[in-house]
Amino acid sequence: MQSVEPVNEAEFLRHTSCEVCGSSDANGVYSDGHTFCFSCNTYKAQSSGPANDDHEPREVQNQGKAQQKNLLQGEAKALAARNLTEETCRRYDYIATHHNNQPVQAALYRDKNGRAVAQKVRTRDKSFFILGDAKAMTLFGSHLWNKGKKLVICEGEVDTMSCSQIQNHKWPVVGLSHGAPSAVKTIKKHWDYLMNFDEIVLMFDMDQAGQEAAEAVAQLLPVGKAKIAYLPCKDVNDCLVAGKSSAVIEAIFQAREYRPDGIVAATDFRDVIGVDETASSISYPYSGLNRVLLGIRPSELVLVAAGSGTGKTTFVKELAYHLHQSGEPTGLIMLEESNKRTLLGLTGIHMNKNILVDRSDTNEEEITAAFEDLFGEGKNPVFLYDHFGASSVDIVAERITYMAKSLGVRHVILDHISILCTQMGGAAGNGSERLLIDYAMTKLRTLVQSLGISLVVISHTRRPDGNAGHERGQEVTLSHLRGSTSLAGLSDAVIALQVDPDEPDSDIRHLHILKNRFTGERGPCQTLVYSRDTGRLLEMEVADLVNDETEEGEADASS
Numbered sequence: 243m244q245s246v247e248p249v250n251e252a253e254f255l256r257h258t259s260c261e262v263c264g265s266s267d268a269n270g271v272y273s274d275g276h277t278f279c280f281s282c283n284t285y286k287a288q289s290s291g292p293a294n295d296d297h298e299p300r301e302v303q304n305q306g307k308a309q310q311k312n313l314l315q316g317e318a319k320a321l322a323a324r325n326l327t328e329e330t331c332r333r334y335d336y337i338a339t340h341h342n343n344q345p346v347q348a349a350l351y352r353d354k355n356g357r358a359v360a361q362k363v364r365t366r367d368k369s370f371f372i373l374g375d376a377k378a379m380t381l382f383g384s385h386l387w388n389k390g391k392k393l394v395i396c397e398g399e400v401d402t403m404s405c406s407q408i409q410n411h412k413w414p415v416v417g418l419s420h421g422a423p424s425a426v427k428t429i430k431k432h433w434d435y436l437m438n439f440d441e442i443v444l445m446f447d448m449d450q451a452g453q454e455a456a457e458a459v460a461q462l463l464p465v466g467k468a469k470i471a472y473l474p475c476k477d478v479n480d481c482l483v484a485g486k487s488s489a490v491i492e493a494i495f496q497a498r499e500y501r502p503d504g505i506v507a508a509t510d511f512r513d514v515i516g517v518d519e520t521a522s523s524i525s526y527p528y529s530g531l532n533r534v535l536l537g538i539r540p541s542e543l544v545l546v547a548a549g550s551g552t553g554k555t556t557f558v559k560e561l562a563y564h565l566h567q568s569g570e571p572t573g574l575i576m577l578e579e580s581n582k583r584t585l586l587g588l589t590g591i592h593m594n595k596n597i598l599v600d601r602s603d604t605n606e607e608e609i610t611a612a613f614e615d616l617f618g619e620g621k622n623p624v625f626l627y628d629h630f631g632a633s634s635v636d637i638v639a640e641r642i643t644y645m646a647k648s649l650g651v652r653h654v655i656l657d658h659i660s661i662l663c664t665q666m667g668g669a670a671g672n673g674s675e676r677l678l679i680d681y682a683m684t685k686l687r688t689l690v691q692s693l694g695i696s697l698v699v700i701s702h703t704r705r706p707d708g709n710a711g712h713e714r715g716q717e718v719t720l721s722h723l724r725g726s727t728s729l730a731g732l733s734d735a736v737i738a739l740q741v742d743p744d745e746p747d748s749d750i751r752h753l754h755i756l757k758n759r760f761t762g763e764r765g766p767c768q769t770l771v772y773s774r775d776t777g778r779l780l781e782m783e784v785a786d787l788v789n790d791e792t793e794e795g796e797a798d799a800s801s
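Residue numbers 243 to 801, in our numbering, belong to the letters of the sequence shown in order.
Right under this line is the structure:
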């Protein structure tokens, strides 16, 4: 069993004794009053009052320009007992000072902008507490390094400084702010910073808690990025004091890449083999798609294809709204429009009004109220990617991973893959678009499988032979997918949105299933209609009902 602290948003304040196991300093006290012992893993819920006692202060909150007001002043000194030089302590802003007339050591922490915001204070009896804004604390020493090939993460401040000193401060070394039991939460909080490094070496303590935390963090990081180092002593500083600095260097460069064990026994499936997975509890917003595809499943990649201007974006916004209303955490990567336009589209769906085109029958207050009703406090979250500037497949893949692992997103919509590959340079007529799409689809397919999310990807189609394009009712086939056969080959399902061939200028759209890996059933499955008044793409019967309700509402308002 991993000795990882239960998920909690409270901030660490200090260490104290544990009445269960008798440890003098392993019990952590948090801002909401709960405690967690890092030695015996005993968790106690918060008490009736805030965490405090007669001899230790609570966290002192600082704001704005006054954030350093209550931080301790002192000077960097060599720590002889730790074999740490004055230069090392000065580099990491680790000072010797006094608090309440008692000698203490204080490690300065900064926020993501490099501003001093907090100190982790260590007393003579080895207890700890935080002064300043604990919520703004970044990884210890992270202000010294922005990016690089290799990053070493240690458990605490002393080990971080020891590892850096052993390497003559040439290579990036940072430390966890709250120790091994909170390692996973800390890594999630600083995910974007960590992704600036090609390789991450986890050099945690060699005790059970440290090694279990290292494995938990390695499982969280992208496959192939994390390595776990093994030391001959309990921690880095013990190696430094024992004269084994070379062993630390060797441990860094011989750290073993962590890869999850993918081999399982058939008997492991005994408890799940009889579970019916033919139909998913997560549905599409259209009955025809649910009848043929049997809902949306985890680890599925669904491709939506159509000609230009036929309603692909409207289709996926209806899907996003449906998932949101169903309580499913959803992420949107809409590369062809601004996030404001995306959110206005979803708000308009909620209002049954086409506010992207016509606001004559509404006002700013009504739109804001509808937005709050959708996304306000306590509502199911929707996360968007701010794609200002160029986006590569690798960057988008990292953002999807962050959404899934740190934000709990279960469904992601990407609109669209063609523009993503264009921004990588594949649409310049140099024949490389196919290779770029192959790379992108392989990356996304692997990502979907490893994260266990569903991913809906929009793809453009190439113009078919003949005079009539898809915009005029030409039937879409798998061979019309633009750029690469991997679009169809790596997708679990392919949905085509087609213009009515008899009335190409109408607002009628037909859904065709071009590929269905789950059941194999293909062909036409549903007819939809776009309402210019509401801006919605709905089943015909539902569209009539929505239009009737809208007209009744307008009539009531006018009377």
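Every residue gets a Cβ at the ideal spot worked out from N, C-alpha and C, and that includes glycine. Source: prediction; values computed, not measured.
| query | result |
| --- | --- |
| Buried or exposed (CB count within 10 angstroms, at least 16 for buried), LEU649 | exposed |
| Span of the beta strand (DSSP E), counted from its first residue to its last, around ASN758 | 750-758 |
| ARG352 (DSSP reduced to helix, strand or coil) | strand |
| ARG364 versus ALA378, SER384, HIS341, THR380, residue with shortest Cα-Cα distance | HIS341 |
| Pair within 7 Å by beta-carbon distance, LEU444 and ALA735 | no |
| First and last residue of the uninterrupted beta strand (DSSP E) at CYS279 | 277-279 |
| Per DSSP, cross-strand counterpart(s) of ASP657 | MET576 |
| Cα-Cα separation between SER692 and SER541, rounded to whole angstroms | 8 Å |
| Pairwise C-alpha distance: ASP447 and ASN469 | It is Lys, not Asn, that sits at residue 469 in the sequence shown. C-alpha separation (whole angstroms): 14 Å. |
| Proximity of GLU329 and LYS319 at Cβ, strictly below 7 Å | no |
| Buried or exposed (CB count within 10 angstroms, at least 16 for buried), GLU261 | exposed |
| Whole runs of the alpha helix (DSSP H) within the stretch 313-354, excluding any shorter than 4 residues | 328-333 |
| Exposed unless 16 or more other CB atoms sit within 10 angstroms - verdict on PHE382 | buried |
| Rounded separation between GLU781 and TYR627 - CA only | 30 Å |
| Residue interval of the alpha helix (DSSP H) (run including HIS564) | 554-567 |
| Nearest neighbour of GLU560, chosen from VAL741, LEU770, ASN312, CYS663 [CA to CA] | LEU770 |
| 8 Å contact criterion, which ILE661 and LEU577 should meet: CB distance rounded | 5 Å |
| Proximity to THR684 [Cα-Cα], best of HIS653, SER733, THR604, VAL654 | SER733 |
| C-alpha distance - ALA548 paired with VAL741, whole-angstrom precision | 9 Å |
| For LYS286, the residue or residues it bridges with in DSSP | THR277 |
| Test item: CB-CB of LEU418 and THR428 under 7 Å | yes |
| Which listed residue (THR556, ILE609, SER525) has its alpha carbon closest to that of GLY569 | SER525 |
| Selected residue, minimal CA-CA separation from ARG652, among ILE695, ILE491, ARG498 | ILE695 |
| Of the listed residues ASN605, ALA646, LEU720, LEU543, nearest to VAL624 (C-alpha basis) | ALA646 |
| Short Cβ contact (7 Å threshold) for SER369 with LEU545 | no |
| Whole-Å CB distance - GLY452 paired with ALA422, under 8 Å assumed | 5 Å |
| Buried versus exposed call for GLU783 [16 or more other C-beta atoms within 10 Å across all chains shown] | exposed |
| THR428 - containing alpha helix (DSSP H), residue span | 425-431 |
| Any C-beta of chain D under 7 Å from that of ALA378 | Protein chains in the displayed structure number just one, and chain D is not present. |
| Helix, strand or coil at SER696 [DSSP, three-state] | strand |
| Distance, ILE442 Cα to THR572 Cα | 29 Å |
| SER259 to ASN312 span [Cα, whole Å] | 26 Å |
| ALA358 beta carbon less than 7 Å from that of ILE372 | no |
| Residues that DSSP places opposite PHE625 in a beta bridge | GLY573 |
| GLY553 beta carbon less than 7 Å from that of ASN720 | The sequence shown places Leu at residue 720, rather than the Asn named in the question. Cβ distance not < 7 Å, so LEU720 and GLY553 don't count as in contact. |
| Contact under 7 Å by Cβ, ALA471 with ALA425 | no |
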